[in-house]
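Line by line, the protein sequences are chains A and B. Residue 260 in my numbering is what sits at position 260 of the first sequence, and the numbering runs on without skipping anything. One rule links them: number in my numbering = place in the second sequence (from 1) + 1000. Where a beta carbon is used, it is the ideal one built from N, C-alpha and C, also for glycine. Note that the structure is predicted; figures quoted are calculated from it, not measured.
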Amino acid sequence: MEGWEKAFVSNKEFADTIHGEMGCVACHGGDGTAEEKNAAHSDIRKVPITADACDQCHTDTADAHSKSLHESLQGYYTAVQQRTSDETWHQVQEAFDNHCDSCHTTCGQCHVSRPATTGGGLAAGHQFKKIPPMNLTCTGCHGSRVNDEYKGLNEGFPADVHWTKGGMPCFDCHQADEMHGTMDFQPNHRYDGPPTPGCISGDCHADVSANDAIAAHDSTHLDTMACATCHTTEYKQCYSCHVQKSDDDIPYFKIEPSQMSLKIGYNPIQSEDRPWKWVTLRHIPIDPETFAYYGDNLLPNFDNRPTWEYATPHAIQKVGPQAKTCNDCHGNPDVFLTPDDLLPYEIGANKTVVVDPKDIPQPVEEP
Amino acid sequence: MSHKKPKHSFIISLLLGLSIAVLTGACSSSPPIPTPRVRDRSDIEIANVPPPTPTLAPEATPTAVLPASDESCLSCHTDDGKLQETAKQEETVESLSEGEG
Chain A
1 MEGWEKAFVS NKEFADTIHG EMGCVACHGG DGTAEEKNAA HSDIRKVPIT
51 ADACDQCHTD TADAHSKSLH ESLQGYYTAV QQRTSDETWH QVQEAFDNHC
101 DSCHTTCGQC HVSRPATTGG GLAAGHQFKK IPPMNLTCTG CHGSRVNDEY
151 KGLNEGFPAD VHWTKGGMPC FDCHQADEMH GTMDFQPNHR YDGPPTPGCI
201 SGDCHADVSA NDAIAAHDST HLDTMACATC HTTEYKQCYS CHVQKSDDDI
251 PYFKIEPSQM SLKIGYNPIQ SEDRPWKWVT LRHIPIDPET FAYYGDNLLP
301 NFDNRPTWEY ATPHAIQKVG PQAKTCNDCH GNPDVFLTPD DLLPYEIGAN
351 KTVVVDPKDI PQPVEEP
Chain B
1001 MSHKKPKHSF IISLLLGLSI AVLTGACSSS PPIPTPRVRD RSDIEIANVP
1051 PPTPTLAPEA TPTAVLPASD ESCLSCHTDD GKLQETAKQE ETVESLSEGE
1101 G
């Protein structure tokens, strides 16, 4: 997108809309009376400040937005801070600001423009979209894992059934309260609180129970396994993202090629909301040297969190390859995260999730 | 081949006659007029409400709603030619990043 296109208000009727009535300067600053570009753009804010703009009318949503992980990036902070220490955090913070903070998004970067991290620019003139355009906003950022899995863009791996059969956009599951942070708690991480969305919450899959007609839906399976454990296909695992800056001070990263696999392990965040013993795990792209450009041994508490994290893959199938028959899972170490899957640097970090081979369910007689 | 006059022409004539008779009767007799039910208002207190003060008609609102001070913003940003003319050439910085983000 050319620079001028990013700021092109192609919908001239914008001035007559309720947002247009507020005027440009009210949200973007600058000098609306100036005829010359530089003067007009003095103190301009390409991205309006929520408190000065949206908050004036959408008060409840804008106030709650600080609880949204999209705004706060608290999920990232939690994952990184738990691995640092008080002594090293300030160095990691510098790296965080240079490399991670750009993933933050604002109200307008979903409802009006593309997110800054994808290059920014108005999405459709200056239209305010109540439902953001999924392909420019959600999957513009959540691309390599969510989008590729969901739409079947990983060669040889099928798309998510919610997409192929249901054609469901992101917002069908991930609704406004989750996006806006209008929940009754402050999440520290994506998987804090009850599952949002939950597979059997609301009207979705409400008929799943130990009394339904599906043999594998007995109480043992339903009580001990997250739905995705049987219902996902392979998904993406990422390794070793290393961040640094160029000679021109431009931040960049290098990451190992991803791999597709499916790994079932112990639930690292078992709770009343997520009571299962078995869950799907995803390798996240961190290693002890991720921030090494900024200093030595900056993640002294690397073992505080697993590198194979609790995951909800967007690769859901009616039945995953690990569940076509009982013994695709029972007695099959390939689908479990075992000590053989761990790299030397991550053995300690994954002690709570790696499966003792003796604990892999024994083969059974097929019905 | 002999043609017998069909019997049902007689039946049709009879039915038609009867229908006309019924319809005519229906039109000529008026339906009973319902007796209006008048609510007994003796138990209702009539509030002593002052007569309404006449209000002035609202002033006509201008149709151009954009603050006048912002007109120059839109006159440029809705004109793709002007925007291209005045756009600062964006420096393309080759990313050194490698791999999936």
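Considering Cα atoms alone, identify which of the options is closest to residue i.
i         : options                                   : result
CYS227/A  : CYS138/A, GLY320/A, ILE18/A and PRO288/A  : GLY320/A
TYR370/A  : ASP101/A, SER66/A, THR61/A and ALA64/A    : Outside the displayed span of chain A (1 to 367) sits residue 370/A, for which this structure offers no information.
GLN322/A  : PRO344/A, ALA176/A and PHE336/A           : PHE336/A
LYS318/A  : HIS70/A, THR232/A and ASP334/A            : THR232/A
SER42/A   : GLY29/A, GLY202/A and GLY121/A            : GLY29/A
HIS330/A  : LYS12/A, PRO197/A and TRP278/A            : TRP278/A
THR61/A   : GLY181/A, CYS199/A and VAL80/A            : GLY181/A
THR290/A  : GLY193/A, CYS238/A, MET260/A and ASP55/A  : CYS238/A
ASP296/A  : GLN91/A, PHE8/A, GLN362/A and ASN154/A    : GLN91/A
TRP308/A  : ALA349/A, ARG274/A and ASN332/A           : ALA349/A
CYS54/A   : PHE8/A, HIS217/A, GLY108/A and GLN81/A    : GLY108/A
ASN327/A  : PHE185/A, HIS189/A, GLU366/A and PRO169/A : GLU366/A
THR1092/B : GLN81/A, ASP97/A, PHE96/A and GLY119/A    : GLY119/A
ASN373/A  : LEU69/A, TRP89/A and GLN259/A             : Because chain A spans 1 through 367 in this model, residue 373/A falls outside it and cannot be assessed.
TRP276/A  : PRO194/A, LYS351/A and ILE316/A           : PRO194/A
DSSP on residue i, reduced to helix/strand/coil?
i         : result
ARG282/A  : strand
SER1029/B : Reliability fails at SER1029/B, whose pLDDT of 41 lies under 50, so the model's placement of it is uncertain and the value that follows must be treated cautiously. Correct three-state label for SER1029/B: coil.
GLN237/A  : strand
THR232/A  : strand
PHE171/A  : helix
PRO251/A  : strand
ALA79/A   : helix
SER68/A   : coil
THR1053/B : Caution is warranted here: a pLDDT of 47 is assigned to THR1053/B, below 50, making its placement in the model unreliable, and the coordinate value is therefore given only provisionally. Looking at THR1053/B - three-state DSSP - the assignment turns out to be coil, as it is neither helix nor strand.
HIS126/A  : strand
GLY29/A   : strand
SER1097/B : coil
TYR150/A  : helix
TYR191/A  : coil
GLY1081/B : helix
MET134/A  : coil
GLY120/A  : coil
Thinking C-beta only, is residue j closer than 9 Å to residue i?
i         : j        : result
HIS314/A  : TYR235/A : yes
TYR294/A  : GLU94/A  : yes
PRO306/A  : LEU281/A : yes
ASP1080/B : TRP4/A   : yes
LEU1096/B : SER246/A : yes
TYR191/A  : ILE284/A : no
THR50/A   : THR137/A : no
SER1072/B : ALA34/A  : yes
GLY140/A  : PRO115/A : yes
THR229/A  : ILE264/A : yes
ARG274/A  : TYR252/A : no
GLU1100/B : ILE255/A : yes
Residue range of the beta strand (DSSP E) that residue i falls in?
i        : result
CYS241/A : 241-245
TYR310/A : 308-310
Tell me the residue span of the alpha helix (DSSP H) that contains residue i.
i        : result
MET260/A : Unbroken run through MET260/A is the beta strand (DSSP E), 259-261; no alpha helix (DSSP H).
GLU178/A : 176-180
LYS6/A   : 3-6
HIS162/A : 161-164
LEU337/A : No alpha helix (DSSP H) holds LEU337/A; DSSP gives it neither H nor E.
Leaving out five residues on either side along the sequence, give the residues of the same chain with a beta carbon under 7 Å from the beta carbon of residue i.
i        : result
ILE44/A  : HIS28, GLY29 and GLY30
CYS173/A : PRO197
ILE360/A : GLY331, PRO333 and PHE336
Excluding the five sequence neighbours on either side, which residues of its own chain have a C-beta within less than 6 Å of the C-beta of residue i, listed in chain order?
i        : result
PRO288/A : LEU299, PHE302 and TYR345
GLU178/A : THR196
With a CB to CB cut of under 8 Å and the five nearest residues on each side skipped, what residues in its chain are close to residue i?
i        : result
VAL112/A : LEU122, ALA123, HIS126, GLN127, PHE128 and LYS129
PRO133/A : ALA123 and ALA124
GLN362/A : HIS330 and GLY331
VAL9/A   : LEU122, GLY125 and HIS126
> Closer than 8 Å, Cβ to any Cβ of chain E: which residues of the region 1075-1099 of chain B, in chain order?
Replying inline: Absent from the structure: chain E. Protein chains present are A and B.
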